[in-house]
Each structure stands twice: as structure tokens, then as C-alpha cells.
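Start counting at 1 in the sequence shown, then tack on 735, and there's your number in the numbering used here. Cβ coordinates follow ideal geometry from the N, Cα and C atoms, glycine included. So the structure is just underneath, and the comments pick up after that.
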Amino acid sequence: MEALSLAPRRLLLVDPCDQCRRLQPHLEEAGWLVSSQSLDQAQAASYDIGLLRLRTEHLLRPEGVKHLISRSGTEWIALVDPLAEDVQGLDEFIGEWFFDALALPVDLPRLQGLLGRAFGIARLRGIGTRRGDQHELLGQSRPLRELRKQLARLGPSDRPVLILGESGSGKELVARTLHRMSRRVGQPFVSFNCGMLPEAETANLLFSHQGKLVAANGGTLFLDAIHDLPQGQHERLLNCLRSKVLRHADGESLALDLRVLASSREDLEERVEQGTFHPGLRQWLEQNRLTITPLRKRQGDIALLASYFVELYSLEAGRRSTHFSEEALAAMVRHRWPGNVRELASRVRRGYALAEGGPIEADDLGLHSAPVDAVPLGTLEDYKRRAEYQALCDALAHYSSNLSHAAKVLGVSRPTFYRLLHKHQLL
736 MEALSLAPRR LLLVDPCDQC RRLQPHLEEA GWLVSSQSLD QAQAASYDIG
786 LLRLRTEHLL RPEGVKHLIS RSGTEWIALV DPLAEDVQGL DEFIGEWFFD
836 ALALPVDLPR LQGLLGRAFG IARLRGIGTR RGDQHELLGQ SRPLRELRKQ
886 LARLGPSDRP VLILGESGSG KELVARTLHR MSRRVGQPFV SFNCGMLPEA
936 ETANLLFSHQ GKLVAANGGT LFLDAIHDLP QGQHERLLNC LRSKVLRHAD
986 GESLALDLRV LASSREDLEE RVEQGTFHPG LRQWLEQNRL TITPLRKRQG
1036 DIALLASYFV ELYSLEAGRR STHFSEEALA AMVRHRWPGN VRELASRVRR
1086 GYALAEGGPI EADDLGLHSA PVDAVPLGTL EDYKRRAEYQ ALCDALAHYS
1136 SNLSHAAKVL GVSRPTFYRL LHKHQLL
């Protein structure tokens, strides 16, 4: 155990400034093996924890940061450049993508404490990933039950499926689930993000002798963010998929036997109308279509998922579990969850670490306040409907595992409670 604790912990410092570099000797003295790279270089780096100087440019063009963090499988801390502190959406971006953040110039002891906690949570995250991320399909809401039905129907098929959903909603998890339910389960599952590289590199990675189409042959190819595929490659991809033949530039060809799944955050029909997506490719991909409902529209699943994450992290840490305070539950119900389940997992990881065994508070989750969204004046019926909806959400947040008790607390029968849940599309 002692040898494990003395092993160097690898820290990647991305886009560092002079202030950041002055931290390096102190961090190395504390046992960190520090490397510094640009954002582009960092995509291929190996490390245990990430530290990124968050600049205005990152907030205005966040795709590179999002791709780096979502593919890293670990925790990140932001060092916020003073010029970025007034950029709109900063707090939401940090809450969705980072374990925590500090303003530059940083307080070194506080940074070291954050790095230690992030490293511990990253180890739990790695164990959880190896066990599988089926939690993202947990839920008793109507949209989740419908999604599971569609997965059961489409899983055994060999036909393509287009998976639509917001960032963080679990599109790749759905694709992996479809692969596991298919006859190709023992063959490769190959994922490729279509929008992160220049067109020439994208073409090479897809169509070359060592490309993704070859690697996935016999199994499943998942084309993530298909809406971002460079236009020059649309027709070539469509021809490969239709003919089931990959023709190389040297004249060689390879018969293709694979299932293609694709995901998009955007409506491909709109892209076709704008002239930025090939109509034939869209038609081929949309032979079957799955839509993942955003977490904010699945209020009844929020507390269930959050409790699952707490149980998972406490189990892996070998510590007793904890619970959410009343304020934290209310804050989670009212939060809009722009990062969906991925954001929820990130905030609960952070909250569990900061709570240190006590109840998880809203502040621990980075939800410092939970104001009810301002709504325009309406009729008395409008107010009654909103009040009814909020009461149901609060009951689900507290008693999602015991709906009979939730109905009792609201003073209605169980059949009435179910009728109201269906009326407001919460079940």
C-alpha cells in the first residue's frame, strides 16, 4: 500500500501561462510528475489528472476542451484566466466539465488539496468505468422506459441507427448497448468522432488500410457527431456503406461486413435543407432513429441517478454512504442540467468528495442557489399547473424509490399520484 502511495501521479498542464509554470516545481515536490502541452497536443497525452488554464478563447470555442475532457476518462481542474472571469456562461461551463476551478494567481495549498481529492475521485471513476456505465440507462420515467423498449427492439437488428441527443446524454452508451445486444457482440466496437480533425486526417482515419472502417469490420462502427463530418467525405462514406465495399487509392478493395451507428446533437434534416449535409447519407443513416430525452425533462430520474452515483463512489472508496440535504435535492430538481447525466455524475463526484462523509449540500454540488425560474404572469390555472408540477418534482426528488410514500406525503392516493405523473409526463 505504501509503494502505491509513493508512485508518481501524472499531472498534465494544458495551455500553461508563466504563473502556471511557476507552480510546477512546488507540485513536483509534492509528488506530481508534471508535463505541459498545448490543447492540440494534449489529445494524445497520458496522465492521471488534468489542469487547464481556462481562457476566453476556450469559452468562445469550447469544442476542443469538451472533446479533451470527455475522452480523457479522468478529472480536470480549471485555472481561470482573469480575462475570462466576466465571460457569460463561465460558471455553467465549469460546473458541467470540471471537478473544480481556481482563479489565477492560485492559492498553492488549496490547489494541492483539490488535486489530491480529484485524484482520489479519478481512481473511483476508473473503477466505475471498468464495471460499465449502465447507470446512464437507469430511470423509471416514461422516456427511459420507452428508450429501453426501443433498444430491445433494435439491438438484434443489423440496420443502421441514428442516435439523437444533447451533449452528455449518453449517446455512446446507447450505441454500446445496441452493440452488446447484437449478434456482433464478440466483434470490435469502434468509435470515431467525426468533427475533431481536418478533412484530410478524417479521410485517412476512416478509409485507409489501418482506418476505422477496416478496424470495425465484422463488428460495429459508431460515428459520433456525424453532423460534423467534413462535407467532402459524405459521398465517399455513403458509397462505402451502400456497396459494402471499401476501395483504397492503390486499387485494392475490401468487402465490408459491419453495422453502422451514428449520433448527432443536431437535426440532420435541417442540415440537409441548409445544404451542409448529404441528403442520401442522411436517409441511409435514419433507417432507424433513437432520441434520448434530456435529463431536465426526466425529473423523476434525477434523484435516483444521483443516489446511484453516491452509492457507487462510497462503495469504491470503502467509506459509508451519505445523503443529500433538502437544499441539495431542491437545487438538483430545479437545475437545468445542460450537460445531462454526465454533468450530474461530475457534480455528484465533486459533492461526495467535498462533503467528507456529511450530507451533500447544494454548495458541494456547485449549485450555490436554486432559484425557481422566473415565469410570466398567467391565469390561475397556469399557476395551479406549475404548482402541481413542482410538487410532483419535489416528491420524486425525495422519494423516487418509494412512490407509495411519495403519494402519501402529497395526500393523494397512489392511482391519483400515477395519473398526475403521466399528466405531467414525469413517468
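Could you compute how far the alpha carbon of residue i sits from the alpha carbon of residue j?
i: GLY1086; j: ASP1098; result: 8 Å
i: PHE957; j: ASP963; result: 14 Å
i: GLY930; j: LEU795; result: 17 Å
i: LEU837; j: LEU1115; result: 46 Å
i: HIS870; j: LEU1039; result: Note that HIS870 scores 46 on pLDDT, short of 50, meaning its location in the model is unreliable and no value can be drawn from it.
i: ARG790; j: VAL769; result: 20 Å
i: GLY799; j: LEU932; result: 10 Å
i: LEU1102; j: HIS802; result: 24 Å
i: ARG744; j: SER902; result: 30 Å
i: LEU758; j: GLY766; result: 13 Å
i: GLN832; j: ILE784; result: First, the residue type needs correcting, since residue 832 is Trp and not Gln in the sequence shown. Distance between the alpha carbons of TRP832 and ILE784: 13 Å.
i: SER1049; j: ALA780; result: 29 Å
i: LEU1156; j: LEU1064; result: 19 Å
i: GLU1062; j: GLU764; result: 40 Å
i: GLY851; j: GLN776; result: 25 Å
i: ARG1071; j: GLY1092; result: 27 Å
i: ALA1141; j: THR937; result: 52 Å
i: PRO1150; j: ALA1122; result: 20 Å
i: ARG977; j: ARG888; result: 23 Å
i: PHE1044; j: SER771; result: 32 Å
i: PRO760; j: GLU1001; result: 45 Å
i: VAL822; j: GLU1046; result: 36 Å
i: ASP1129; j: LEU1089; result: 24 Å
Under the assumption that residue i contacts residue j (Cβ atoms under 8 Å), give the Cβ distance between them as a whole number of angstroms.
i: ARG788; j: VAL749; result: 7 Å
i: THR955; j: SER999; result: That belief does not hold up - the Cβ atoms of THR955 and SER999 are roughly 17 Å apart, past 8 Å.
i: PRO1029; j: THR1057; result: The pair is not a contact, with the Cβ atoms about 27 Å apart (cut-off 8 Å).
i: VAL1144; j: TYR1134; result: 7 Å
i: ALA853; j: GLU810; result: 4 Å
i: ILE812; j: PHE834; result: 6 Å
i: GLY1015; j: LEU972; result: So it is not a contact: roughly 10 Å between Cβ atoms.
i: SER926; j: ASP893; result: Contact flag wrong, Cβ pair sits at about 18 Å.
i: LEU786; j: LEU746; result: 6 Å
i: GLN922; j: GLY953; result: 4 Å
i: ILE1027; j: VAL909; result: 7 Å
i: LEU993; j: ALA951; result: 5 Å
i: TYR1124; j: HIS1159; result: 5 Å
Tell me where the beta strand (DSSP E) around residue i begins and ends.
i: ARG994; result: 994–999
i: ASP959; result: 955–959
i: ALA765; result: Careful: ALA765 lies outside any beta strand (DSSP E) and carries neither H nor E.
i: ARG982; result: 980–982
i: ARG1024; result: 1024–1026
i: VAL822; result: Taken as a continuous stretch (DSSP letters only), VAL822 belongs to no beta strand (DSSP E), as it is neither H nor E.
i: ILE812; result: 811–815
i: SER988; result: 988–990
i: LEU747; result: 744–749
Looking only at its own chain, which residues have a Cβ that is under 6 Å from the Cβ of residue i, when we skip the five neighbours before and after it?
i: LEU981; result: LEU948, CYS975, LEU989 and LEU991
i: LEU897; result: ALA997, LEU1020, GLU1021 and ARG1024
i: THR912; result: LEU886
i: GLY946; result: LEU940
i: ASP842; result: none
What do you get for residue i, buried or exposed, if any count of 16 or more other CB atoms within 10 angstroms of its CB means buried?
i: GLY1182; result: The shown model of the chain, from 736 to 1162, leaves out residue 1182, and the question about it has no answer.
i: SER904; result: buried
i: ALA819; result: buried
i: LYS906; result: buried
i: ASN1137; result: exposed
i: VAL920; result: exposed
i: GLY824; result: exposed
i: GLN1018; result: exposed
i: SER895; result: The question names Ser, but residue 895 is Pro in the sequence shown. Classification of PRO895: buried, given that the 10 Å Cβ count is 16 or more.
i: HIS944; result: exposed
i: GLY900; result: buried
i: HIS914; result: buried
i: SER1139; result: exposed
Given residue i, which residues of its chain have a CB within under 8 Å of its CB, disregarding the five upstream and five downstream residues?
i: PHE1012; result: HIS962, GLN966, HIS969, LEU1003 and ARG1006
i: ALA1041; result: PHE1059, MET1067, LEU1079 and VAL1083
i: ASP1036; result: LEU873, GLY874, GLN875, SER876, LEU879, LEU1030 and SER1135
i: ASP816; result: CYS752, ARG788, LEU789, ARG790, THR791 and LEU839
I want to see whether chain B comes within less than 7 Å of residue i, judged by CB atoms only; does it?
i: GLY848; result: As a matter of chain content, chain B is missing from the structure shown, which is built from one protein chain.
In the DSSP assignment, find the alpha helix (DSSP H) that holds residue i and state where it starts and stops.
i: VAL1147; result: Where VAL1147 is concerned, there is no enclosing alpha helix (DSSP H), given that its DSSP letter is neither H nor E.
i: VAL1083; result: 1075–1090
i: ILE829; result: 825–832
i: ALA951; result: Unbroken run through ALA951: none, as it is neither H nor E.
i: VAL1068; result: 1061–1069
i: ALA836; result: Taken as a continuous stretch (DSSP letters only), ALA836 belongs to no alpha helix (DSSP H), being part of the beta strand (DSSP E) at 835–838.
i: VAL1007; result: 1003–1009
i: GLY785; result: First-last for GLY785: 784–789, but that is the beta strand (DSSP E), not the alpha helix (DSSP H).
Can you name, in chain order, every residue of its own chain whose Cβ lies under 7 Å from the Cβ of residue i, other than the five neighbours on each side?
i: CYS755; result: LEU748, ARG788 and LEU814
i: GLY867; result: Annotation note: pLDDT 43 at GLY867 (below 50); position unreliable, coordinate value reported separately. Contacts found: none.
i: ARG1033; result: GLY874, SER876, PRO878 and LEU879
i: VAL995; result: PRO895, LEU956, LEU958 and LEU976
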